[in-house]
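Visitor:
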């Protein structure tokens, strides 16, 4: 059941297309985790399909992977200033965030274990949206988020490019 939920998310976001076997296809792996409540009681079993990105080769499977990371000093300074000015600060969490980033390179993954198509065992999936485990996934997610924020009246910080500000 957990597999179907995770695979449903992947197929929905990726709109995968099957291709005939390609020698450079990347393997996939299921990663399992139990979500627990504050008392340590398991409330949900989770499964995530991840790409075996350690098999990717730079220059062939991916080019650029750098994604900027906010410095802790910038976060502290921002929060102190926002508190001083009585600004309203929002925090959010994007469920399955990496899955929203679009992959520019041609990347193919093998059929997930337990979901092989018996009629097409030699087919692989072309990845359109990022998968956890791919080298380019963090950058793809950052580019998607930055594009969205810039299109919605946010401006990049002049000193710290990872800070986005909405002046109303």
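Numbering (full-length UniProt numbering), first residue to last: 1 to 168.
Cβ coordinates follow ideal geometry from the N, Cα and C atoms, glycine included.
Bear in mind the structure is a predicted one, so any value in this text is a computation, not a measurement.
1) Indicate whether residue 141 and residue 98 have their beta-carbon atoms separated by less than 7 Å.
2) Compare the Cα-Cα distances from residue 71 to each of 106, 163 and 57 and report the closest residue.
3) To the nearest angstrom, how far is it from the Cα of residue 66 to the Cα of residue 143?
4) Would you kindly report the start and end of the unbroken alpha helix (DSSP H) that includes residue 76?
5) Can you find at least 3 beta carbon pairs, one from the region 148-157 and one from the region 118-137, that sit closer than 8 Å?
6) Tell me which same chain residues have a C-beta within less than 8 Å of the C-beta of residue 127, skipping the five on either side of it?
7) If you draw a straight line from the alpha carbon of residue 55 to that of residue 90, how long is it in whole angstroms?
8) From which residue to which residue does the alpha helix (DSSP H) around residue 140 run?
Guide: On the basis of the data shown:
1) For the purposes of this step, residue 141 is taken as residue 141 along the chain shown, with counting starting at 1. For the purposes of this step, residue 98 is taken as residue 98 along the chain shown, with counting starting at 1. Closer than 7 Å, so yes.
2) As a first step, residue 71 must be located in the chain shown, where it is residue number 71. That would be 163, whose Cα lies nearest to the Cα of residue 71.
3) Locating residue 66 in the chain shown gives position 66, counting from the first residue. Locating residue 143 in the chain shown gives position 143, counting from the first residue. For residue 66 and residue 143, the distance between alpha carbons rounds to 11 Å.
4) Numbered from 1 along the chain shown, position 76 holds the residue referred to as residue 76. Looking at the DSSP string, the run of the alpha helix (DSSP H) that includes residue 76 is 72-84.
5) no
6) Along the chain shown, one-based indexing puts residue 127 at 127. Closer than 8 Å at the Cβ level, and outside the excluded window around residue 127, lie 14, 16, 51, 103, 107, 108, 109 and 134.
7) Taking the chain shown and counting its residues from 1, the one referred to as residue 55 is at position 55. Taking the chain shown and counting its residues from 1, the one referred to as residue 90 is at position 90. Answer to the nearest angstrom: the Cα atoms are 38 Å apart.
8) As a first step, residue 140 is located in the chain shown; it is residue number 140 there, counting from the start. It spans 137-151 - the alpha helix (DSSP H) in which residue 140 sits, taken as one unbroken run.
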